[in-house]
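Novice: First residue of the sequence shown: 11, per our numbering; consecutive thereafter.
Note that CB positions come from ideal geometry on N, CA and C, so glycine has one too.
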Amino acid sequence: MNKKYSNLFDPIKIGNLEIKNRFVMAPMGPAGLCSEDGSFNEKGIEYYVERAKGGTGLIITGVTYVENDIEKCAMPSMPCPTINPSSFIKAAKILTERVHAYNSKIFLQLTAGFGRVSIPGIVGDITPIAPSHIPHKWLPDITCRPLTIEEIQVYIKKFGESAAIAKEAGFDGVEVHAVHEGYLLDQFTMTLFNKRTDEYGGSLENRLRFPIEILKEIKEKCGNSFPVSLRYSVKSYVKGLNDGALPGENFEEKGRDLAEGLEAAKILEKAGYDAFNSDAGTYDSWYWNHPPMYFKKGMYLSLNEKLKQVLKVPVITAGRMDNPDLASDAISTNKTDMVALGRPLLADAYIPEKIRQDKLKNIRPCLSCHDGCMGRLALGGGLSCAVNPSTGREKDFRLQPATEIKNILVIGGGVAGCEAARVCAIRGHKVSLYEKTDKLGGNIIPGGAPDFKEDDRALVKWYYNELKENNVDIHFNTTVTDELVNNSNCDVVIVATGSNPKLLQLDGNMDKVYTAQDVLLKVEDAGNSAVIIGGGLVGCETALWLVQQGKNVTLIEALDEILASGPAICHANSQMLKDLLKFHKVDIRTNCLVSKVTDEGIVIKQNDKEIPISCDSVILSVGYTSEKDLYEKLKFTNKEMYLLGDAKQVQNIMTAIWDAYEVARNI
11 MNKKYSNLFD PIKIGNLEIK NRFVMAPMGP AGLCSEDGSF NEKGIEYYVE
61 RAKGGTGLII TGVTYVENDI EKCAMPSMPC PTINPSSFIK AAKILTERVH
111 AYNSKIFLQL TAGFGRVSIP GIVGDITPIA PSHIPHKWLP DITCRPLTIE
161 EIQVYIKKFG ESAAIAKEAG FDGVEVHAVH EGYLLDQFTM TLFNKRTDEY
211 GGSLENRLRF PIEILKEIKE KCGNSFPVSL RYSVKSYVKG LNDGALPGEN
261 FEEKGRDLAE GLEAAKILEK AGYDAFNSDA GTYDSWYWNH PPMYFKKGMY
311 LSLNEKLKQV LKVPVITAGR MDNPDLASDA ISTNKTDMVA LGRPLLADAY
361 IPEKIRQDKL KNIRPCLSCH DGCMGRLALG GGLSCAVNPS TGREKDFRLQ
411 PATEIKNILV IGGGVAGCEA ARVCAIRGHK VSLYEKTDKL GGNIIPGGAP
461 DFKEDDRALV KWYYNELKEN NVDIHFNTTV TDELVNNSNC DVVIVATGSN
511 PKLLQLDGNM DKVYTAQDVL LKVEDAGNSA VIIGGGLVGC ETALWLVQQG
561 KNVTLIEALD EILASGPAIC HANSQMLKDL LKFHKVDIRT NCLVSKVTDE
611 GIVIKQNDKE IPISCDSVIL SVGYTSEKDL YEKLKFTNKE MYLLGDAKQV
661 QNIMTAIWDA YEVARNI
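1) Take the Cβ of K168 as the centre, count every other Cβ of all protein chains shown within 10 Å, and call the residue buried at 16 or more, exposed below.
2) Answer yes if the stretch 496-505 comes into contact with the stretch 523-542, meaning at least three C-beta pairs across the two stretches below 8 Å, and no otherwise.
3) Nearest chain C C-beta to R408 closer than 8 Å, yes or no?
4) Examine the Cβ distances between the stretch 604-618 and the stretch 425-443 and report whether three or more of them are shorter than 8 Å.
5) Ignoring anything shorter than 4 residues, give me the alpha helix (DSSP H) runs that lie fully in the stretch 220-281, in order along the chain.
6) Take every Cβ of the stretch 141-157, pair it with every Cβ of the stretch 106-115, and state whether three or more of those distances are shorter than 8 Å.
7) Check each candidate in F286, T201 and A285 and name the one with the smallest Cα separation from V248.
8) Could you name the residues of the same chain whose beta carbon sits closer than 6 Å to that of E81, not counting the 5 residues immediately before and after it, in chain order?
9) Starting from T552 and walking both ways along the alpha helix (DSSP H), at which residues does that stretch end?
10) Between the alpha carbons of K471 and L149, how many angstroms are there, rounded?
11) With a threshold of 7 Å on Cβ separation, who are the neighbours of E178 within its own chain once the five nearest residues in sequence on each side are excluded?
12) What do you get for K245, buried or exposed, if any count of 16 or more other CB atoms within 10 angstroms of its CB means buried?
13) With distances taken between CB atoms, is the gap from Y444 to I421 smaller than 8 Å?
14) Report all residues from its chain with a CB closer than 7 Å to the CB of I162; omit the five preceding and five following residues, and keep chain order.
15) Consult DSSP for Q616 and reduce its assignment to one of helix, strand or coil.
16) With a threshold of 16 other CB atoms inside 10 Å of the CB of I566, please say whether the residue is buried or exposed.
17) Please report the straight-line C-alpha distance between T92 and G212, rounded to a whole angstrom.
18) To the nearest whole angstrom, what separates the beta carbons of A357 and R374, a pair I think is in contact under 8 Å?
19) Just to confirm, are D347 and P324 a CB contact at a threshold of 8 Å?
20) Going straight from the alpha carbon of S243 to that of F593, what length do you get?
21) Using only alpha-carbon positions, find the residue among D483, S624 and K606 that is nearest to S539.
22) Within 10 angstroms of the Cβ of R61, are there 16 or more other Cβ atoms? Answer buried if so, exposed if not.
23) Which class does P95 belong to by DSSP, given the choice of helix, strand or coil?
24) Can you name the start and end residues of the alpha helix (DSSP H) that E185 belongs to?
25) For H485, which three-state DSSP category applies?
26) Check each candidate in V557, Y165, V184 and Q119 and name the one with the smallest Cα separation from D79.
27) Confirm, please, whether the CB-CB distance from L531 to A459 is below 8 Å.
28) Can you pull the DSSP bridge partners for Q119?
29) How is S509 classed by DSSP in three states: helix, strand or coil?
30) If I follow the unbroken alpha helix (DSSP H) through S312, where does it start and stop?
31) Are A350 and I326 close, meaning C-beta to C-beta below 8 Å?
32) Who does K606 pair with in a DSSP beta bridge?
33) Taking I222 and V186 to be in contact with their CB atoms under 8 Å, please state how far apart those CB atoms are, rounded to whole angstroms.
34) Compare the beta carbon distance of G382 and C395 with 8 Å and say whether it is the shorter of the two.
35) Starting from L469 and walking both ways along the alpha helix (DSSP H), at which residues does that stretch end?
36) In three-state DSSP terms, what is C580?
This is the structure we're talking about:
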C-alpha cells in the first residue's frame with residue numbers, strides 16, 4: 011500500500027463500534043433488491059456482500075421503510091422490516107453474517123418516507139403526506155395533507171420496532187433517514203415546508219422534535235450503546251420550490267442555511283446521534299444530492315469541514331470522493347472523518363481493496379452519468395451501473411471461464427469494442443482488437459474533451475490497462491476490410507465500428523461550419539463566438555465547455571426545449587446542465603430552424619421571422635449515423651458474428667457497455 015493512503019485504513023469508532031477503515035458505502039435506493047414481503051432478496055444480499063468483499067469498512071443499506079400503511083407504497087419497492095419481521099430477520103441474518111465474514115460492519119437505514127416528494131408510481135392514488143398543506147413536488151396541483159400527531163407517534167414507535175428487528179438480524183447499527191434531501195423528516199425541520207403551530211412546528215427545537223423523538227425511541231428499544239447515525243444535509247441550496255441554486259451562485263436561501271444547519275447539528279448531537287452522514291441539497295435542488303459530472307470532486311468538503319468544527323461525533327462525507335488523494339487529504343486536514351462512496355462502488359465494488367493493494371490504475375471510474383443508477387430507477391428498473399452491468403445482479407452476471415476457447419476478432423476500439431474484448435479475454439478467449447486510429451475510446455474521446463468529463467477520459471485509460479493486462483492483442487492504425495476478416499483464423503467477429511457525426515448542407519458559405527466533434531477535438535477553432543445547431547446532450551455540453559472558456563454561445567434547437575431528444579437523461583444531470591447554461595448566459599433559442607449561413611454568421615427562422623445572428627463559427631450537433639458498412643459486407647460470412655455499440659444503434663455509453671457485456675459473457 012502507498013503510505014500516503016494509510017490514513018484511509020485507520021480504524022475509527024462510531025459510538026463503541028469500531029470500523030476497520032474510513033470507507034463507507036453510501037446508502038442508495040435499493041430498488042430490485044427486496045421481496046414482496048419487504049425482506050432482502052438474494053440479489054440484495056449479493057449486492058451488499060460484494061462491497062464487503064471489496065474492502066468497505068461500513069456498509070449503509072439503502073432506504074428501508076419502517077411502516078407501509080400511512081404512506082403506503084407498492085411492494086417490492088423498498089425493504090420494510092415491520093411487514094413480516096420473521097421473514098425479514100431470516101434474510102437479513104444471511105446478509106449480516108456474510109458481511110461480517112469480511113470484517114465489515116453494516117447499518118440498516120430506516121426511513122419515515124418521502125412526504126411531498128413521493129414518487130407517484132410507487133405511492134399510487136392516496137393523498138400524499140407532509141408536515142403541512144403544501145404542494146406536491148412532482149404533482150404541484152395536488153396539495154399534501156398534514157400528518158396528524160397520532161400518525162407521528164406511529165412513525166416514532168415503528169422506528170423503534172424496526173431498529174430492534176435490525177439489531178436481532180445482526181445489523182451493527184441503524185441510520186435515520188433523513189434530515190436530508192427534503193424527505194419527510196427533513197420537511198419537518200424546514201420552515202419552507204413546515205407551517206405547523208403545534209409542538210412539531212415553529213422554533214428550530216420544535217422542528218427537530220420528530221427526529222429527536224425517533225432517536226430516543228431507538229435507544230430505548232436497542233440500548234444506548236447501539237449506534238445510530240443520521241443522514242443529514244447541512245445546507246439546502248434552495249431559492250424556492252422547485253428552484254435550486256448552483257455552486258457559486260448568489261442567492262437567498264429559502265431552505266436550511268449553513269448557520270441553521272450547524273445549529274441544528276449541535277442540537278441533534280446533544281440528543282444522542284452517534285455520527286452525521288452529511289451532504290447538501292434537497293429535491294428542489296436535486297443535483298446537489300445526486301451530483302453530476304459538472305460538480306467538482308469533493309463538493310461537500312467545505313461544508314463538512316465547518317460541521318466537524320461544531321461536532322464531536324464522526325462526520326461522513328460523500329460527494330464525488332472517489333479520488334484517493336482527495337480522500338486522504340480530507341481526512342488528514344480534518345475536513346471529514348470518513349469517506350462515503352456511493353456510485354463509485356457501483357462502478358467498482360473493490361475500490362478500497364485496490365487502493366490498499368496500490369492498484370489504482372485498476373479502479374473502474376464512475377462517470378457521474380446516473381444512467382445505470384438514478385436514471386434507471388426513474389424508469390422503473392433495478393439499481394445498477396452504466397459501466398458495470400453486473401451491479402445489482404452480481405451472482406447471475408459473474409463471469410465464468412469459457413467452455414471452448416475461441417479466436418475472437420474485435421473491430422473498433424470504442425467502449426463497446428473495448429468491453430467486448432475485455433470480457434472475452436477474462437473468460438479465456440484469444441482476442442485481437444483492431445482500431446483504425448492511434449488510440450482507444452472512439453466517440454468518448456471528443457465527448458470526454460471538456461474539463462468536466464475527466465472520468466470519461468479515465469474510463470478510456472482504464473480500458474487500455476485492462477486490455478493490456480488481459481493480453482488482448484491491440485492493432486492500432488489498422489482499417490479492417492472484409493478481406494482481412496475472411497483471411498483471418500478467427501472464430502468470432504465482433505463489429506463495433508461506431509458512428510459518425512451527421513452533417514447538414516446549409517445554404518451559404520460552409521467554410522466556417524464545423525461539427526461539434528471537430529471543435530471538441532480542437533481540429534477546428536470556434537473563435538470567440540459560436541452558434542451551435544442542436545440542443546441535445548452533445549450540443550449542450552459543447553455550449554457549456556465553450557462558454558466556460560469565455561466565448562459567446564448561441565444554442566439553436568428545433569424542438570420546444572433542449573435535451574428533449576436522444577436517450578433519456580437523469581433529471582439531476584439535465585436540470586443542472588440547463589441551469590448552468592442559463593447561469594452562464596448561453597443564448598438558447600428553441601423552435602428554430604436554420605435558414606442560411608452568411609459571411610457574418612447565420613440566419614435562423616423563429617415564429618415565421620428571420621433573425622440574423624453574428625458569429626465566428628457554426629457548430630453542428632445534430633446526432634450521429636451508425637457506421638455499419640463493414641458489417642453489411644460481412645453479415646453472410648460463415649463466422650460467428652455480432653454487431654455492437656453505435657454501429658448497431660446510436661445510444662449512450664451504458665447501452666454500448668451493457669450490450670457488449672451480455673454478448674461477450676455468453677460466447
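Specialist: Answer, in terms of the structure:
1) As a first step, residue 168 must be located in the sequence shown, where it is residue number 158. Result: buried.
2) no
3) This model lacks chain C altogether; it includes just one protein chain.
4) no
5) 268-281
6) no
7) Looking up residue 248 in the sequence shown gives position 238. The shortest Cα separation from V248 among F286, T201 and A285 belongs to T201.
8) Translated into the one-based positions of the sequence shown, residue 81 becomes position 71. Closer than 6 Å at the Cβ level, and outside the excluded window around E81, lie G123 and I139.
9) Taking the first residue of the sequence shown as position 1, residue 552 is located at position 542. First-last of the alpha helix (DSSP H) with T552: L547 to Q558.
10) The residue labelled residue 471 in the question sits at position 461 within the sequence shown. The residue labelled residue 149 in the question sits at position 139 within the sequence shown. About 44 Å.
11) As a working note, residue 178 is residue 168 in the sequence shown. Correct list, in chain order: I99.
12) Here residue 245 corresponds to residue number 235 of the sequence shown, with the count starting at 1. Burial call: buried.
13) For this step, residue 444 is matched to residue 434 along the sequence shown. For this step, residue 421 is matched to residue 411 along the sequence shown. Cβ distance < 8 Å, so Y444 and I421 count as in contact.
14) As a first step, residue 162 must be located in the sequence shown, where it is residue number 152. Cβ within range, chain order: Y210 and F220.
15) Numbered from its first residue, the sequence shown carries residue 616 at position 606. Strand at Q616.
16) Working through the sequence shown from its first residue, we reach residue 566 at position 556. Buried: at least 16 other Cβ atoms inside 10 Å.
17) Counting from one through the sequence shown, the residue named residue 92 turns up at place 82. Counting from one through the sequence shown, the residue named residue 212 turns up at place 202. Cα to Cα, T92 sits roughly 32 Å from G212.
18) Start at 1 with the first residue of the sequence shown, and residue 357 comes out as number 347. Start at 1 with the first residue of the sequence shown, and residue 374 comes out as number 364. Sure, about 5 Å apart at Cβ, within 8 Å.
19) By 1-based counting over the sequence shown, the position of residue 347 is 337. By 1-based counting over the sequence shown, the position of residue 324 is 314. Cβ atoms of D347 and P324: closer than 8 Å.
20) By one-based count along the sequence shown, residue 243 stands at place 233. By one-based count along the sequence shown, residue 593 stands at place 583. Distance between the alpha carbons of S243 and F593: 24 Å.
21) Your numbering for residue 539 matches position 529 in the sequence shown. For the residues D483, S624 and K606, the minimum Cα distance to S539 belongs to S624.
22) Position 51 of the sequence shown, counted from the start, is the residue given in the question as residue 61. So R61 ends up on the buried side.
23) Indexing the sequence shown from 1 puts residue 95 at position 85. In the structure shown, P95 sits in a helix (DSSP, three-state: H, G or I).
24) Indexing the sequence shown from 1 puts residue 185 at position 175. From DSSP, E185 is part of no alpha helix (DSSP H) but of the beta strand (DSSP E) over G183 to V189.
25) Taking the first residue of the sequence shown as position 1, residue 485 is located at position 475. It is a strand residue.
26) Walking along the sequence shown from the start, residue 79 turns up at place 69. Comparing Cα-Cα distances from D79 to each of V557, Y165, V184 and Q119, the minimum goes to Y165.
27) The residue given as residue 459 occupies position 449 in the sequence shown. The residue given as residue 531 occupies position 521 in the sequence shown. It is a contact, given that the beta carbons lie within the stated cut-off.
28) On the sequence shown, residue 119 is found 109 positions in, with the first residue counted as 1. BP columns for Q119 point to E185.
29) One-based indexing of the sequence shown puts residue 509 at position 499. S509 falls in the strand class under three-state DSSP.
30) For the purposes of this step, residue 312 is taken as the residue at position 302 of the sequence shown. Here the alpha helix (DSSP H) through S312 covers L311 to V320.
31) In the sequence shown, counting from the first residue as 1, residue 350 sits at position 340. In the sequence shown, counting from the first residue as 1, residue 326 sits at position 316. Yes, they are a contact pair.
32) Reading the sequence shown from its first residue, position 596 is the one you call residue 606. DSSP output for K606 lists V613 as bridge partner(s).
33) In the sequence shown, the residue the question calls residue 222 occupies position 212. In the sequence shown, the residue the question calls residue 186 occupies position 176. With a Cβ gap of about 10 Å, I222 and V186 do not count as contacting.
34) For the purposes of this step, residue 382 is taken as the residue at position 372 of the sequence shown. For the purposes of this step, residue 395 is taken as the residue at position 385 of the sequence shown. Yes, these two residues count as a Cβ contact at 8 Å.
35) In the sequence shown, the residue the question calls residue 469 occupies position 459. E464 to E479 is the extent of the alpha helix (DSSP H) around L469.
36) Translated into the one-based positions of the sequence shown, residue 580 becomes position 570. Three-state DSSP puts C580 in coil, outside helix and strand.
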